Amino acid sequence: KAGVTQTPRYLIKTRGQQVTLSCSPISGHRSVSWYQQTPGQGLQFLFEYFSETQRNKGNFPGRFSGRQFSNSRSEMNVSTLELGDSALYLCASSLVGTSGGKETQYFGPGTRLLVL
Amino acid sequence: GDSVTQMEGPVTLSEEAFLTINCTYTATGYPSLFWYVQYPGEGLQLLLKATKADDKGSNKGFEATYRKETTSFHLEKGSVQVSDSAVYFCALSDQGGSYIPTFGRGTSLIVHP
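Right, here's the structure in full:
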């Protein structure tokens, strides 16, 4: 079974631009979560999508948004990029996600975003 | 709110040494506890988990026991290898709360031959 895939793996943008990242979950998984990982703040939860609906949201500004498609693939968008948005963005999938709390999340390799 | 505290790293050990990485947590509900490992350039991989008090999670020689009385979930391995060099994250998901997964800051482990 193929794992979680993320594209692109690396991205360089300039301040003020916007960016869209993509995540394809493991086949059959309906929950997709996004995380931001930085040396300063560690791993922070952005949001979770389940069946095309945002089910949970972390403490990030509205510039960070996402969506999920009917095939469970998810995209994350960051508008008006700031230098502080430079990070590794990780996507994780699971069968049903947060409804159980015990479920294992499977992470992709991440997209490394550099904002200049 | 929920939080996870891990020991600061890096932890530097010689091959075959005993490893302990401390993790303590605070949670409002009844959390499940996890250890994830991140190798350079990769995403996180689940190493082990425990879903209730006194459960022991184990995988690849690593173990951790869910201690509710001390709110701890320390990671141990009896004999580390160079290939264990990575960053280790302790995490919780709070089944009784609103559920936003909470991760520790990560502990870097460096194992020398």
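Chains as they are written, first to last, in our numbering: chain A, 1 to 116; chain B, 1001 to 1113.
Beta carbons are placed, not taken as given, at the ideal position from N, Cα and C, and that holds for glycine.
Predicted model only: the values in this text are computed from it and were never measured.
(Q) Buried or exposed, going by whether 16 or more other CB atoms sit within 10 Å of the CB of T1107(B)? (A) Position 107 of the second sequence holds residue 1107(B). Buried: at least 16 other Cβ atoms inside 10 Å.
Q: Determine the DSSP secondary structure at G1057(B), reduced to helix, strand or coil.
A: Position 57 of the second sequence, counted from the start, is the residue given in the question as residue 1057(B). In the structure shown, G1057(B) sits in a strand (DSSP, three-state: E or B).
**Q.** Within chain B, the residues that P143(A) reaches when beta carbons sit closer than 7 Å
**A.** In the structure as shown, chain A starts at 1 and stops at 116, and residue 143(A) therefore has no counterpart that could be examined.
**Q.** Complete beta strand (DSSP E) runs within the stretch 1002 to 1081 of chain B (minimum length 3 residues, chain order)
**A.** 1003 to 1006, 1011 to 1014, 1019 to 1021, 1023 to 1026, 1031 to 1038, 1044 to 1050, 1056 to 1059, 1062 to 1065 and 1075 to 1077
Q. Is L21(A) helix, strand or coil when you go by DSSP?
A. Looking up residue 21(A) in the first sequence gives position 21. Three-state DSSP puts L21(A) in a strand.
Q | Distance between E1076(B) and T7(A) (C-alpha atoms, nearest Å) | A | The residue given as residue 7(A) occupies position 7 in the first sequence. The residue given as residue 1076(B) occupies position 76 in the second sequence. So the alpha carbons of these two residues sit roughly 35 Å apart.
Q: Would you check if the distance between the CB atom of Y1066(B) and the CB atom of D1055(B) is smaller than 8 Å?
A: On the second sequence, position 66 is the one that residue 1066(B) refers to. On the second sequence, position 55 is the one that residue 1055(B) refers to. Contact: yes.
Q | S131(A) (DSSP reduced to helix, strand or coil) | A | Any question about residue 131(A) goes unanswered here, given that chain A covers just 1 to 116.
Q | Touching by the beta-carbon criterion (3+ pairs, under 8 Å), the stretch 1083 to 1097 of chain B and the stretch 5 to 20 of chain A | A | no
Q: Please determine, among G1061(B), V1080(B), V1011(B) and C1023(B), the residue with the shortest C-alpha to C-alpha distance to A1017(B).
A: Residue numbering aside, residue 1017(B) sits at position 17 when the second sequence is read from its first letter. Residue V1080(B) is the option with its Cα nearest to A1017(B).
Q) Does G122(A) come within less than 8 Å of chain B when only Cβ atoms are used? A) Since the first and last residues shown for chain A are 1 and 116, residue 122(A) lies out of range.
Q | Candidates E1069(B), H1112(B) and F1103(B), of which the one nearest G58(A) by Cα | A | Position 58 of the first sequence, counted from the first residue, corresponds to residue 58(A). When only C-alpha atoms are compared, the closest one is F1103(B).
Q: Determine the DSSP secondary structure at S79(A), reduced to helix, strand or coil.
A: Mapped onto the first sequence, residue 79(A) falls at position 79. If DSSP states are grouped into helix, strand and coil, S79(A) belongs with coil.
Q | Under 8 Å between C-beta atoms of F50(A) and R73(A) | A | Within the first sequence, residue 50(A) is the residue found at index 50, counting from 1. Within the first sequence, residue 73(A) is the residue found at index 73, counting from 1. Cβ atoms of F50(A) and R73(A): not closer than 8 Å.
Q. Can the beta-carbon of S1093(B) be found closer than 8 Å to that of S1032(B)?
A. As a working note, residue 1093(B) is residue 93 in the second sequence. As a working note, residue 1032(B) is residue 32 in the second sequence. When the beta-carbon positions are compared, S1093(B) and S1032(B) come within less than 8 Å of each other.
Q: Leaving out five residues on either side along the sequence, give the residues of the same chain with a beta carbon under 7 Å from the beta carbon of A1053(B).
A: The sequence position of residue 1053(B) within the second sequence is 53, counting from 1. So the list reads Y1066 and K1068, once near-sequence residues are dropped.
Q) Do you know offhand how far L116(A)'s Cα is from T14(A)'s? A) The residue you call residue 116(A) lines up with position 116 of the first sequence. The residue you call residue 14(A) lines up with position 14 of the first sequence. So the two alpha carbons sit approximately 5 Å from each other.
Q: Count the other C-beta atoms from every protein chain shown that fall within 10 angstroms of the C-beta of E1008(B), then say buried if there are 16 or more, exposed otherwise.
A: In the second sequence, counting from the first residue as 1, residue 1008(B) sits at position 8. Exposed, since its Cβ has fewer than 16 Cβ neighbours within 10 Å.
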